[in-house]
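Residues 20 to 1214 (our numbering) make up the sequence shown, in order. By construction, the Cβ of each residue, glycine as well, lies at the ideal position given by its N, Cα and C atoms. Taking it in order: structure first as structure tokens, then the write-up.
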Amino acid sequence: MDSLDLSITYLVNNHWLAAKKPRFKGTRYFKDCSCSRNFSPMLASEFAPWSLTLLYLLLATLHEKDTVTLYAKETLVYMCRANVYHILGFNSQKAISQQAPVLALTCFSLILAEFPVRDSDLLMGAHQRPLEADAAQNLEDKTLESNRSDAPIYPLKERKFAFSSKQLSELIASRDVTAFYALGGLAGLEKGLRTDLQSGLSVDETVLDGFDAVSAAAEDAGSTRVFTAARPSPSGARRHEPFADRKDAFGSNKLPSKKDPNFLQLMWMAYNDYVLFLLTAAAIISLGVGLYQTFATPHGPGNPPVEWVEGVAILVAIVIIVIVGAGNDYQKQLQFRKLNKKKEDRHVRVIRSARSQEISIHDLRVGDVVHLEPGDIVPADGVLIQGHHIRCDESSATGESDLLLKHSGDEVFRAIRDNKDAQNMDPFIISGSKVAEGIGTFLVVATGTNSSYGKILLSLEEDSGFTPLQVKLSRLAKHIARLGGATAVILFIILFIKFLAGLHHSTQTPYQKGQQFINIFIIALTVVVIAVPEGLPLAVTLALAFATTKMLKDNNLVRQLQACETMGNATNICSDKTGTLTQNMMTVVAGTLGRISQFREESAVSHAAPEKAEGVSTAGCVQSLSADVKSIIKESILINSTAFEAEEGGTRSFTGSKTETALLTFARNYLGIGSLNVERSNRKVVRLFPFDASRKCMVTVVQLDNGKYRAYVKGASEILLEKCTKIVEDPTMGLIAAPMTEDTVQFLGQIIASYASQSLRTISLVYRDLDNWPPVGTKGSGDDVTFEDILQDLVFLGVMGIKDPLRDGSRDAVQACQRAGVVVRMVTGDNILTAKAIAEECGIISSPDDVVLEGREFRQLSESQRDEITPRLKVIARSSPDDKRELVVRLKEMGETVAVTGDGTNDALALGAADVSFSMGISGTEVAREASSIILMDDNFTSIVKAIMWGRAVNDAVKKFLQFQITITVTSVALAFVSAVANPSEQPVLTAVQLMWVNLFQDTLAALALATDPPPQRILDRKPEPKSTPLITVSMWKMIIGQSVYQLAVTLVLYFGGAAIFSYDSAYERKQLETAVFNTYVWMQIFNMYNNRQLEKSFNVFEGITRNWLFVAVSLVMIGGQVLIIFVGGEAFSVVPLTGAQWGYCLILGALSIVVGCVIRLIPDGPVERVFESLVGGGKRLVDVFNVRRREGSE
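See the structure below:
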């Protein structure tokens, strides 16, 4: 009765829990049990089935809506079903006969379970719930009512498979070997998925009969197939569809791809901007007023009916902005689609109907048996059936940098059954990982969106949040609109008062008076239109489009257009190590052969410890070796290896473990090996001992030409050194072995320690000559020889130092980032010693105060400790995906603008959390690329520096144009205001057509010119701007105000005093003066455009102009257009030809804008900033006083 007592006690306890906490997590009933290991489905030895039957009857007497009762029934049904599988699947006929009563009572419990219970979770399959306990957090906030359903009851026998896709997906996600054991291991999966581990799926399968657990259990346990065969579908449409039921139950192996927006949607996305909305409103108002003026008002010889042009021109500008933005996005989509296309479809080898065949990865189904070979990218989640020394690189999926050894499912099952430690055994094959070593087969259990790779892809969320520049521009546009509206209202009030004051003495007809009032209204609206910065969004769009085009040439594919301007102000970069800072290519960079010969490549010399550089170059050292030593080193590397040679993209490369590929590359470069297949075919291998993790070495025994044998051994240096009794003393003199002395052992130990301290992975090459095989003293045949029989009396040949070298330019790129005020941090899955050494070598660690932590230590820090350490934290080693994401979130909370690099599926969360995310175009997974905003086409950290430069160039381009635009806006509005108020006829100094040329075409052309300046190298010499930095800085305000004052002074003096200054008396001369005023104003804008090329305190406004042919071309167009307007514009522009003297002073006054700009740059920013602060402070005080008095008045 112990089992029953235990079960009832647990039930009562959890019933109490349910009363205390209404949202009791019943899904954890199985997992939370204090004796969960005893609660396994192998119940014959733990719980008597009669106890289960009695317990079920006891539960049936309870109120069936009780939470605990429902889930307890589920658990019992699960346990009974699993017990049936265990009895029939893993026992002999005799054992089954002995357990007949057990089987009968268990089946009786299952029959009881067929009684209707109105609970949707139970209807899903009782066997499903306990495994889903691993995902119980997702159900934590669901009430019991949300789990109930009035759906019809479907008997279990109508199921096609024993497991659901969700259950298998959770099995892989949890990687819980106990849950795997609970499902019956590989045999249980084989039966439940209706497949065969040897012959795979049947190529003739279409639809399947329903699955009945009880009837299946009653079949002959000796048969390997307890499920019915495929049958024709009664519905003709699905009769010939392969694997129809399997596809319905588990889905296909196609990952979801986001539907790209069409061109119209891209146009709407480009148009969906506050500034463009403001421009549209201004265009409608301008067009309406212009059409009224064109068709409803009389026009004289000097006043052509072209008032509508301004509104149309603004609309044309909006269309250009939208089309350019949408076109750039569309081009970017095509580039991204092209990048992914080559990785979307590939073929895998599967076993179907006992035959090996290749199929598309999209045709893979749950239940398929798939071949694994070195170099394969795993196409789906599964469980290893059988394999020889399979190691997988799961760094892209889990962040684990070391190769993970896989164990077959049967091996894991036997270990658990025999009560052995199986926690460190891993039978699970993860989609997206890469097979580095070994061959074998695995059973597919999760595909497509149910696989771990697919679930991460589905979890990605697009964040369409606004960038800092967008926020600032929207805020600025609102301020400009308010100021323009306020100015227009003030102007209208002044002119309206003048209009009312003149009515008493006016002799005009009522129609003329009405027309005068309409003109006043039109002038006020004109001021509003002038104030709208229609060139600003075009400048932003052009700058971003130009920058993204240029960035693509610098190996940066920008997926999100605004990412490049955000990158300009990045303050932190959290970078990967492997493949980004380093070459992702393990290379032999140092070595000691025998005792005499040493070599070292320059890449092995740490910048942090250059004094450790010893040895000649690799080529020089190898050339000095004797022929027989070269031969044995070559043979040792070539034969004692499981790596192989493959051809990809027209180039031959080695595939296998990183250490072996490094040694083979060394042999190819310096020892002259040919094709691996040809070289190995000439050797007779008699025995191969694969790499053994406990002994940390690998052995290959070959028969030599003289009939003797030689064992080649490679492995961990410190272990093999202890096994050596001899050493090749001087490799330059021949293969002569000398006794190993204490001094030699100490010397080699220091060499090994020196390599390790520089983060070099050391591997020793040793050998042993044998007269016979098997060796003398061993018992049995050659197959009975053990590691220990070989690892004795070894001859030390050499030790190699292997590392993943830094990319060319990585150190310079890191230093450039630091000079630019960008903090570079490394987040890697490598061990802390390697990570620290690489960080020191590339300059990430440059101060004793810099902090290096492991991910485990970082996770254990408190909130206050993280806040204290994060600014100094430079390296996180052995990190998990959550560590990188947590670091990004923490930095963003501290006000930093964070960029992140990532290449693996596991990096998706951190990429999504960052302000700017970089993925790898070569080594990156599809998930990483989908989550990123910029793709590094060459996987090189140096390209990130280019992105910073272009990002700052975009910000500078916007500021340059903004400075230019606001100057024109201020002067145009001020001129219109002053001249309209001062002029008796209430006409502005510039006509509507002249303002159109200045305010639209000048602005548009200037946007094109100023947006295309390439970034100079010194752009990295300044610090990034914080997010709180205003869009218009003090130095910009200084230039805007200074230029505006100069232009207003010149224009108003010419307009009001020009006739007196130049003694113009005739009407034609006065007309020339008006033309000269317009011409001077335009030339001041042209020269001011050159002046705005420099935002910094540089007086050379022509710097780099020869590298920007577009700026030169736009300048020529603007100059040519202005000259043509003066000479042939005539009545349309209300101008007349000017004399040479008049052209002279127009050009001189315009060119003085550059001189004025130089004088303004000499004025220090400090006093100006203090003046602004005092003005702003005074304004705030006035507002506060006003608000206080208003509240007092209301009280």
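Check, Outcome
"Cβ contact (3+ pairs, closer than 8 Å) linking the region 837 to 854 and the region 678 to 685", "no"
"As assigned by DSSP and simplified to three states, the class of T674", "strand"
"Integer Cβ distance of K903 from V871, believed to fall under 8 Å", "Actually they do not touch by this definition, with Cβ atoms about 15 Å apart."
"D429 - containing alpha helix (DSSP H), residue span", "G428 to R436"
"Cβ-Cβ separation, P1043 to A589 (assumed contact under 8 Å), whole Å", "6 Å"
"Close beta carbons around R244, own chain, < 6 Å, minus the five adjacent residues each side", "Because R244 carries a pLDDT of 37, less than 50, the predicted location of this residue cannot be relied on, and the following value inherits that uncertainty. There are no such residues."
"Distance between beta carbons of I537 and T514, contact taken as under 8 Å", "The question names Thr, but residue 514 is Leu in the sequence shown. Not really, about 12 Å apart at Cβ, beyond 8 Å."
"Span separating the alpha-carbon of T316 from that of D1184", "51 Å"
"Simplified DSSP assignment, three categories, for R410", "strand"
"Exposure label - S700; buried when at least 16 CB within 10 Å", "exposed"
"Residue nearest to P793 in terms of C-alpha spacing, selected from E1088, Q642, R265 and D808", "D808"
"A1078 beta carbon less than 9 Å from that of E1088", "yes"
"As assigned by DSSP and simplified to three states, the class of S379", "strand"
"Spatially closest choice to E887 from V1000, D901, S898 and L910, by CA coordinates", "L910"
"Opening and closing residue of the beta strand (DSSP E) in which Q1006 lies", "Premise fails: Q1006 is in no beta strand (DSSP E) and is neither H nor E."
"Per DSSP, the bridge partner or partners of G665", "The amino acid occupying residue 665 in the given sequence is Ala; Gly does not appear at that position. DSSP, once it has assigned bridges, lists S672 as partnering A665."
"CB of Q1091 within 9 Å of CB of T1158, strictly", "yes"
"Test item: CB-CB of L816 and Y786 under 9 Å", "yes"
"Residues of its chain near L1129, where Cβ-Cβ distance is below 8 Å and the 5 sequence neighbours each way are ignored", "L1027, A1028 and T1031"
"Three-state class that DSSP yields for K453 in the structure shown", "strand"
"Three-state secondary structure (DSSP) of H524", "coil"
"Selection from G693, C640 and S645 that minimises the alpha carbon distance to R671", "G693"
"Proximity winner among L1071, V973 and F182, relative to V385 (alpha-carbon distances)", "F182"
"Spatial neighbours of V222 in its chain, beta-carbon cut-off 6 Å, leaving aside the 5 residues before and after", "R371 and S372"
"Distance, P556 Cα to S899 Cα", "41 Å"
"Unbroken beta strand (DSSP E) run spanning F1146, endpoints", "Where F1146 is concerned, there is no enclosing beta strand (DSSP E), although the alpha helix (DSSP H) it sits in stretches over W1128 to V1147."
"Enclosing alpha helix (DSSP H) for D267 [first to last residue]", "A263 to F269"
"Three-way DSSP call (helix, strand, coil) for P709 in this model", "strand"
"Residue closest to L779, alpha-carbon to alpha-carbon, out of I857, G521 and T988", "I857"
"T460, buried or exposed, once every other Cβ within 10 Å from all chains shown has been counted against 16", "buried"
"Segment contact flag, the region 518 to 537 with the region 558 to 574, C-beta cutoff 8 Å, min 3 pairs", "no"
"Whole-angstrom C-beta distance between G473 and S271, which should lie under 8 Å", "Wrong, their Cβ atoms sit about 11 Å apart, outside the cutoff."
"Exposure label - I738; buried when at least 16 CB within 10 Å", "exposed"
"For D400: DSSP bridge partner residues", "A465"
"Close-in-space but distant-in-sequence residues of the same chain around L1194 (CB under 7 Å, 5 per side omitted)", "none"
"Alpha-carbon to alpha-carbon, H407 and R374", "20 Å"
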